[in-house]
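In our numbering, the protein residues as written are 1 to 254. Where a beta carbon is used, it is the ideal one built from N, C-alpha and C, also for glycine. Since the structure is predicted, the reported quantities are computational estimates derived from the model, not experimental observations. The block underneath contains the structure these notes are about, expressed in structure tokens.
Given below as structure tokens:
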């Protein structure tokens with residue numbers, strides 16, 4: 001059996017219990033060495049065959065899986081964060097399907113969740129934003145025209161921007177062109193939950209300047225929106241006057 005496992009955002013203890021148990025049992029581990037915390041490999045047994053996919057093509061990854069797959073064998077394909085977001089797993093799963101090879105997908109904690117933890121923030125504040133947009137700027141991988149940064153910025157929702165650390169001047173310009181004011185709160189979260197994590201709070205117009213000061217040009221998420229501000233409405237869920245399935249609200253009296 002092949003297990004596609006989310007390794008979490010960085011910290012060794014933010015992988016799921018299921019993921020750890022599979023690492024302990026694995027006969028083969030193929031991990032994304034450029035992004036996954038190598039400390040997770042401490043769970044591997046001595047006889048485990050370990051491969052760093054940072055140096056491999058998709059075809060080479062599949063070749064290892066085919067060679068090592070067999071009765072009672074466990075192969076773990078360890079991806080950063082949760083691989084459903086920019087994890088390039090669909091093409092991997094399609095090939096496994098075509099070859100009749102069994103696999104399961106074990107979810108992980110995404111880096112955008114790790115970033116919220118680092119910021120001590122809630123992305124969905126009442127009367128501020130109830131929508132979180134996860135996106136990226138076009139690079140070697142194109143972005144559909146309807147998903148250009150300017151179009152998404154027009155919603156004024158919470159935005160978490162991946163894979164854009166080398167294009168921050170352009171990102172600031174396009175966010176402003178899309179509708180964010182230059183002084184909209186923004187944050188740069190470098191290596192969320194890793195020991196060398198950095199959190200830089202800034203504004204949309206100063207994202208590039210602040211990143212350059214800190215020498216950040218990779219492995220950072222850009223978080224944009226008024227969820228980083230101080231103004232929001234109280235949630236009704238825990239309001240004493242709000243009635244729901246489990247509690248009867250109590251109306252205030254003069």
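Beta-carbon spacing of residue i, residue j below 8 Å
| i | j | result |
| --- | --- | --- |
| residue 291 | residue 184 | Since the first residue of the chain shown is 1 and the last is 254, residue 291 is not available in this structure. |
| residue 4 | residue 79 | yes |
| residue 160 | residue 112 | yes |
| residue 232 | residue 126 | yes |
| residue 171 | residue 207 | yes |
| residue 153 | residue 175 | yes |
| residue 68 | residue 13 | no |
| residue 33 | residue 47 | no |
| residue 81 | residue 117 | no |
| residue 255 | residue 30 | This structure cannot speak to residue 255, because the chain is shown only from 1 to 254. |
| residue 259 | residue 22 | Absent from the model: residue 259. The displayed extent of the chain is 1 to 254, so no value can be given. |
Boundaries (first-last residue) of the beta strand (DSSP E) holding residue i
| i | result |
| --- | --- |
| residue 159 | 158-162 |
| residue 250 | First-last for residue 250: undefined, no H or E at that position. |
| residue 132 | 132-136 |
| residue 104 | 103-106 |
| residue 52 | 49-52 |
| residue 77 | 75-79 |
| residue 265 | The question about residue 265 has no answer here: the residues shown for the chain are numbered 1 through 254. |
| residue 201 | 198-203 |
| residue 149 | No beta strand (DSSP E) contains residue 149, which is instead part of the alpha helix (DSSP H) from 149-153. |
Residue i: first and last residue of the uninterrupted alpha helix (DSSP H) it sits in
| i | result |
| --- | --- |
| residue 21 | 17-25 |
| residue 58 | 58-68 |
| residue 168 | 168-178 |
| residue 213 | 207-214 |
| residue 114 | 111-119 |
Anticipated Cβ contact below 8 Å, residue i with residue j, distance rounded
| i | j | result |
| --- | --- | --- |
| residue 11 | residue 36 | About 12 Å separates the two Cβ atoms, so there is no contact after all. |
| residue 114 | residue 19 | Contact flag wrong, Cβ pair sits at about 15 Å. |
| residue 180 | residue 209 | Actually they do not touch by this definition, with Cβ atoms about 16 Å apart. |
| residue 121 | residue 228 | 6 Å |
| residue 1 | residue 102 | 5 Å |
| residue 50 | residue 41 | 6 Å |
| residue 149 | residue 186 | About 13 Å; that fails the 8 Å criterion. |
C-beta neighbour in chain D for residue i, strict 8 Å
| i | result |
| --- | --- |
| residue 169 | No chain D is part of this structure, which consists of one protein chain only. |
Buried or exposed by the 16-neighbour rule on C-beta atoms within 10 Å, applied to residue i
| i | result |
| --- | --- |
| residue 77 | buried |
| residue 141 | exposed |
| residue 225 | buried |
| residue 17 | exposed |
| residue 88 | exposed |
| residue 58 | exposed |
| residue 71 | exposed |
Contact between the stretch 133-141 and the stretch 167-177 (3+ Cβ pairs under 8 Å)
Contact check between the stretch 133-141 and the stretch 167-177: three or more CB pairs, one atom from each, fall below 8 Å, which counts as touching.
Counting pairs of beta carbons, one from the stretch 216-233 and one from the stretch 189-197, are three or more of them closer than 8 Å?
yes
Using a Cβ distance threshold of 8 Å, determine whether the stretch 90-100 contacts the stretch 115-135, with at least three qualifying pairs required.
no
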